[in-house]
């Protein structure tokens with residue numbers, strides 16, 4: 056089926072052509088989902104942030120926009136200061152509330168991850184759970200395996 060300038064009878068049909076072109080243009084500007092990336096920061100921070108970058112690239116490869124607060128907040132907030140950590144968690148949950156989905160990476164969950172998962176479940180934010188290698192485990196509730 057040719058979707059060019061001519062109709063089935065061979066006559067120029069610019070209206071049909073423009074309608075088909077507009078559908079294609081609309082798909083190009085279709086809004087992407089904003090995905091909250093939930094993964095460990097605690098422990099080997101440098102290694103875990105490198106993994107978070109990998110997870111963000113994975114989210115992008117699936118056509119979505121990643122948000123990884125644990126790559127941003129530690130640049131100007133001290134995770135070892137209780138007051139700053141509490142403020143960072145509060146801001147993280149505020150951001151999570153504005154996201155379309157939460158994608159959890161890894162099977163070993165930190166306390167912060169558990170808080171984010173509980174919040175997502177409470178506010179019915181879709182949760183997807185992946186391995187560290189970005190293999191989908193579940194699209195349901197994530198149960199803390201170990202933290």
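Residue numbers (our numbering): 56 to 202. By construction, the Cβ of each residue, glycine as well, lies at the ideal position given by its N, Cα and C atoms.
Practice task
Determine, using beta carbons only, whether residue 150 and residue 120 come nearer to each other than 7 angstroms.
Solution key: Residue 150 sits at position 95 when you count from the first residue of the chain shown. Residue 120 sits at position 65 when you count from the first residue of the chain shown. Judged by beta-carbon spacing, residue 120 lies beyond the 7 angstroms limit of residue 150, meaning their Cβ atoms are not closer than that value.
Problem - Rounded C-alpha distance that separates residue 103 from residue 97 - result: Locating residue 103 in the chain shown gives position 48, where the first residue counts as 1. Locating residue 97 in the chain shown gives position 42, where the first residue counts as 1. If you take the alpha carbons of residue 103 and residue 97, they lie about 8 angstroms apart.
Problem - Boundaries (first-last residue) of the alpha helix (DSSP H) holding residue 171 - result: Taking the first residue of the chain shown as position 1, residue 171 is located at position 116. 166 to 177 is the span of the alpha helix (DSSP H), which, as asked, contains residue 171.
Exercise for the section: With residue 163 as the anchor, note down where its alpha helix (DSSP H) starts and where it stops. Expected result: Taking the chain shown and counting its residues from 1, one reaches residue 163 at position 108. Where residue 163 is concerned, there is no enclosing alpha helix (DSSP H), given that its DSSP letter is neither H nor E.
Exercise for the section: Identify the continuous beta strand (DSSP E) that holds residue 185 and give its terminal residues. Expected result: Translated into the one-based positions of the chain shown, residue 185 becomes position 130. Run containing residue 185: 181 to 185, per the beta strand (DSSP E) assignment.
Exercise for the section: Provide the residue span of the beta strand (DSSP E) that contains residue 93, from first to last. Expected result: The count along the chain shown starts at 1 and reaches residue 93 at position 38. Counting along the chain, the beta strand (DSSP E) containing residue 93 begins and ends at 89 to 93.
Exercise for the section: Below 6 angstroms CB to CB, which residues in the same chain sit around residue 180 once its five sequence neighbours on both sides are set aside? Expected result: Reading the chain shown from its first residue, position 125 is the one you call residue 180. Once the five neighbours on either side are set aside, the close Cβ partners of residue 180 are 157.
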